[in-house]
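These notes are about the structure you will find just below.
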Amino acid sequence: MKGDLFSSDHMVQPAAAPGMSLQNAKSIRYVVGGEMFARQGSMVAYRGDLRFERKGQGVGGMLKRAVTGEGLPLMSVRGQGEAWFAHEAQNCFIVDVEPGDEFTVNGRNVLCFDASLSYEIKTVKGAGIAGGGLFNSLFTGHGRLGLICEGNPLVIPVSPELPVFVDTDAVVGWTARLHTSLHRSQSIGSMLRGGSGEAVQLKLEGEGYVVVRPSELTPQKEH
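Read in order, the letters of the sequence shown correspond to residues 5 to 227 in this note's numbering.
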């Protein structure tokens, strides 16, 4: 066969190393030699001897998901082989989590991660049920985390002198040691007079980075 479709730009080459790597801008390749975790339904192809099993979140995680509508539905992938993961042609990125690091990320942006990483669903400080019920996943340990984002994300430095305010529907995640709180930037009166309508944002203070997607649209709930 000939044609642009069969060029080296699209052809899968032999894996250079085990674990996670970017296949292209829209997909992540994972060479499995044991176990890893991925978003349910995100596997688009695989080869080798692999088994896919739905992973529960435990009583606490399921309770939070039932209350908030948020969650991190996962599947475990075990065996020897390689698999490719993607979600709605969103852009893919890889984060290296080192010992001592903490990375808070919205569950909707998680694609896959190493089994050596730990995660728990936590309430965002300062943004409880009264503030929209923001529940994110906190990743710790040592390993790689594959993320998805609608478009190319913005990575904005946060410093004590320059806190950052983000739309709660646009935030992807942020690094450890950042303090979060809700910030009201407009009064009801100003919105009625033609304000932007951005009544509440998430305020991040301290030293670190916040990742924002270039979209304020709330994703549709998965069925």
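C-beta atoms are modelled at their ideal positions from N, C-alpha and C, and glycine is treated no differently.
Give me the Cα-Cα distance between Gly-64 and Arg-55, rounded to the nearest whole angstrom.
Note that Gly-64 has pLDDT 47, beneath the 50 cutoff, so the model's placement of it is unreliable and no number is given.
Kindly provide the ranges of any beta strand (DSSP E) runs that are 3 or more residues long and lie completely inside the region 81-123, ordered along the chain.
Runs of the beta strand (DSSP E) inside the region 81-123: 95-101, 106-109, 114-118.
Going by C-alpha distance, which of Ser-80, Val-176, Phe-169 is nearest Lys-207?
Phe-169
For Ala-21 and Arg-148, what's the separation of their Cα atoms in angstroms?
Approximately 14 Å between the Cα atoms of the pair.
Give the single residue among Glu-102, Tyr-213, Phe-10 whose Cα lies nearest to the Cα of Ser-163.
Tyr-213
Can the beta-carbon of Arg-217 be found closer than 8 Å to that of Gly-150?
no
Roughly how far, in whole angstroms, is the beta-carbon of Asp-105 from the beta-carbon of Gly-85, given that I think they are within contact range, below 8 Å?
Not really, about 29 Å apart at Cβ, beyond 8 Å.
For Asn-140 and Asp-8, what's the separation of their Cα atoms in angstroms?
One C-alpha to the other measures close to 41 Å.
Give the DSSP-derived three-state secondary structure of Ala-20 in the structure shown.
coil
Check Asp-8 in the structure and name its three-state DSSP category.
helix
If I follow the unbroken beta strand (DSSP E) through Met-40, where does it start and stop?
31-43
How big is the Cα-Cα spacing for His-187 and Asp-173?
14 Å
For Gly-132 and Lys-6, I'd like the C-alpha separation in whole angstroms.
Summary for Gly-132: the model assigns pLDDT 46, below 50, so the residue's position carries little reliability; its value from the coordinates is reported in the next sentence. Answer to the nearest angstrom: the Cα atoms are 56 Å apart.
Quick one: using the 10 Å Cβ neighbour count with 16 as the cut-off for buried, is Leu-166 buried or exposed?
Exposed, by the Cβ-count rule.
Restricting to Cα atoms, I'd like to know which of Arg-58, Gly-37, Lys-30, Met-40 is closest to Val-48.
Lys-30
Rounding to the nearest angstrom, what Cα-Cα distance links His-183 and Glu-211 in this structure?
C-alpha separation (whole angstroms): 9 Å.
Which residues does DSSP pair with Pro-161 in a beta bridge?
Tyr-213
Reducing DSSP to helix, strand and coil, say where Asp-171 ends up.
strand
Using CA coordinates, which residue listed in Ser-12, Pro-103, Phe-107, Val-35 is at the minimum distance from Phe-143?
Closest option to Phe-143, Cα to Cα, is Phe-107.
Can you have a look at Val-71 and say buried or exposed, based on whether 16 or more other CB atoms are within 10 angstroms of its CB?
Interpretation of Val-71 is limited by its pLDDT of 41, a score under 50 that renders its predicted location unreliable; no figure is taken from the coordinates.
Going along the chain, which residues of its own chain have a beta-carbon closer than 6 Å to the beta-carbon of Tyr-123, five neighbours each way excluded?
If we look at Tyr-123 and ignore the five residues flanking it on each side, its Cβ neighbours are Ser-141, Phe-143.
Roughly how many whole angstroms lie between the Cα atoms of Gly-73 and Phe-10?
Confidence at Gly-73 is low in this model, with a pLDDT of 45, below 50, so its placement is unreliable and the value that follows should be read with caution. Annotation: Gly-73 to Phe-10 spans about 42 Å, alpha carbon to alpha carbon.
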